[in-house]
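Visitor: Before I ask anything, here is the structure I am working with.
Chains as they are written, first to last, in my numbering: chain A, 71 to 196; chain B, 752 to 996.
In C-alpha cells form, the structure reads like this:
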C-alpha cells in the first residue's frame, strides 16, 4: 500500500467524523440517529490507521481478500442505519396520524362550542 | 330497534365524494330515523365537508389523507368520547344500502363485530377471478381465527359494539387492508365475537372493479402478508368494558 492510499483512507474516515459531528453541533441530526454513523466513522478511522487489523481479522475469519470484509461491514452498517430510519419513520407516521385525528376531533368540538355560545371565539390577533 | 338506532353512530369515511355524499347521508336519515351520522372527511380537497354538513351530518375534517383505517379510528374515538354504543361503517359512495343497518344492529346485541357480507345470499354483488379467490381464502382463514363461518371479510359495511369500539378507538390499523382484514384479526384475537349478516350491495357508482390478474396477484400477496403479520403480533387484551362518556 502506497503512502497516498494510506493517507487517503485516514482523510476519508476523518471527513466522515467531521461531517457527523458538525451536523450534531448544528442540531441537524440528533445524537441517537448519529450513533451508527459515529461508530462507522471511528471504525473506518481505526482500520485506516492500522490496516493490519483488517487483514488480521480477515485471515482469522478465513476471508481471502481483506477488502471484502471491509465491504461486508460497511453494508451491514448501512443496512442497520436504514432499518433504524424505517422504524423511526413508522413511529413518526403513527404520531402524525394521532395528531391529525385529534385535530379533527377538536375542530368539531370547538365548532360546536362556538355554535352554542352563539358568538365565534376569535383569535386575539385576528 | 329504534332505541338501538338512537345509540348508533353511522361513520362514513369520505374522500372526494362531493358528488354523492349528501344524497347518501340523506338516504341514511330517511331509512334510519333517529340515527347520528358522522362523516369523516379524509383530507378531501373538494366540497365534501360542506355538502355533508348541509345534509345534516356531523363532520370531522382530517387535515390530510389517512386512509380508511385512519378515518375509521377517528370515528371510533368520536363514538367513544360521545358515548355511542354502536358504530356502523357505511361507505360514502352509496355502495352500501342503509336498509342493511338494522340487521347489523340486531346482530350486535349478541356479538362484538358484525360484518355486512356481500356473498351471503342476498343481493347480486359479484366479484370474479383471482380477486374472488383471494377473498375466499381470506374469509376462510379469518373465519377459522374468529371461530365462525365467514364468507366476506373485505366488506367495509360493518358494525361494532362497545367492546370492539374500545379496541378500535385505540388500535384500528391504518395500513393497506388493515381496515378490513387486520382489524378483524385484531378483534378476534382480543376475544371479540364476530358474525356476518347478509346484506345486499349495490354496484359501485363509478369505476369498474379491476380484473387484471397481475393486480389480483399483488392484492393476494399483500393480503397474505397483512394476515401473517397480524397473526404474528402479540394479541391485544380486551382491557376495559367500554367506557361511556
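For each residue, glycine too, the CB sits at the ideal point set by N, CA and C.
Against chain B, does residue 157 of chain A count as a neighbour if the rule is that its beta carbon must be under 9 Å from one of theirs?
Guide: Chain B contact via Cβ: absent.
Visitor: Bridge partners of residue 787 of chain B, per DSSP?
Guide: B:760.
Visitor: Could you give the distance in angstroms between the alpha-carbon of residue 768 of chain B and the alpha-carbon of residue 789 of chain B?
Guide: Approximately 14 Å between the Cα atoms of the pair.
Visitor: Just to confirm before moving on: does the CB-CB distance between residue 759 of chain B and residue 836 of chain B stay below 9 Å?
Guide: Yes, the pair counts as a contact, with Cβ atoms nearer than the cut-off.
Visitor: Classify residue 846 of chain B as buried or exposed, calling it buried when 16 or more other Cβ atoms lie within 10 Å of its own Cβ.
Guide: Its Cβ being crowded by 16 or more others within 10 Å, residue 846 of chain B is buried.
Visitor: For a cutoff of 9 Å on Cβ pairs, would you count residue 153 of chain A as touching chain B?
Guide: Judged by the 9 Å Cβ criterion, residue 153 of chain A is not in contact with chain B.
Visitor: So, is the C-beta of residue 184 of chain A closer than 9 Å to a C-beta in chain B?
Guide: Not one chain B Cβ lies under 9 Å of residue 184 of chain A.
Visitor: Whose Cβ in chain D lies nearer than 8 Å to the Cβ of residue 809 of chain B?
Guide: The structure shown contains no chain D; its protein chains are A and B.
Visitor: Determine, using beta carbons only, whether residue 797 of chain B comes closer than 9 Å to chain A.
Guide: No - not a single Cβ of chain A is within 9 Å of the one on residue 797 of chain B.
Visitor: Since residue 831 of chain B is in the beta strand (DSSP E), which residue starts that stretch and which ends it?
Guide: First-last for residue 831 of chain B: 818 to 832, but that is the alpha helix (DSSP H), not the beta strand (DSSP E).
Visitor: Quick one, are the C-beta atoms of residue 903 of chain B and residue 820 of chain B less than 9 Å apart?
Guide: No, they are not a contact pair.
Visitor: Can you pull the chain B residues whose beta carbon is under 8 Å from the beta carbon of residue 175 of chain A, in chain order?
Guide: 811, 825, 828, 829, 832, listed in chain order.
Visitor: Would residue 914 of chain B and residue 839 of chain B be called neighbours here (beta carbons separated by less than 9 Å)?
Guide: It is not a contact, given that the beta carbons lie outside the stated cut-off.
Visitor: Quick test of your reading: residue 104 of chain A and residue 90 of chain A, contact by CB under 8 Å. State the CB separation rounded to the nearest angstrom.
Guide: Rounded, the Cβ-Cβ distance is 5 Å, consistent with contact.
Visitor: Tell me which residue opens and which closes the alpha helix (DSSP H) that residue 76 of chain A is part of.
Guide: That run of the alpha helix (DSSP H) goes 73 to 95.
Visitor: Just to confirm, are residue 763 of chain B and residue 841 of chain B a CB contact at a threshold of 9 Å?
Guide: A contact, by the Cβ cut-off of 9 Å.
Visitor: Determine whether the beta carbon atoms of residue 851 of chain B and residue 774 of chain B lie at a separation below 9 Å.
Guide: Result no, Cβ atoms of residue 851 of chain B and residue 774 of chain B do not sit closer than 9 Å.
Visitor: Tell me, please, whether the CB atom of residue 937 of chain B is closer than 9 Å to any CB atom in chain A?
Guide: By this cut-off, residue 937 of chain B is not an interface position.
Visitor: Do residue 80 of chain A and residue 119 of chain A come within 9 Å of each other at the CB atom, strictly closer than that value?
Guide: Cβ distance < 9 Å, so residue 119 of chain A and residue 80 of chain A count as in contact.
Visitor: Could you give the residue range of the beta strand (DSSP E) that holds residue 909 of chain B?
Guide: It spans 909 to 911 - the beta strand (DSSP E) in which residue 909 of chain B sits, taken as one unbroken run.
Visitor: Could you give the DSSP three-state label for residue 970 of chain B: helix, strand or coil?
Guide: In the structure shown, residue 970 of chain B sits in a helix (DSSP, three-state: H, G or I).
Visitor: Any idea if residue 995 of chain B is buried or exposed, counting beta-carbon neighbours within 10 angstroms, 16 or more meaning buried?
Guide: At residue 995 of chain B, the pLDDT of 44 sits below 50, so the modelled position is not reliable and the matter cannot be decided from this model.
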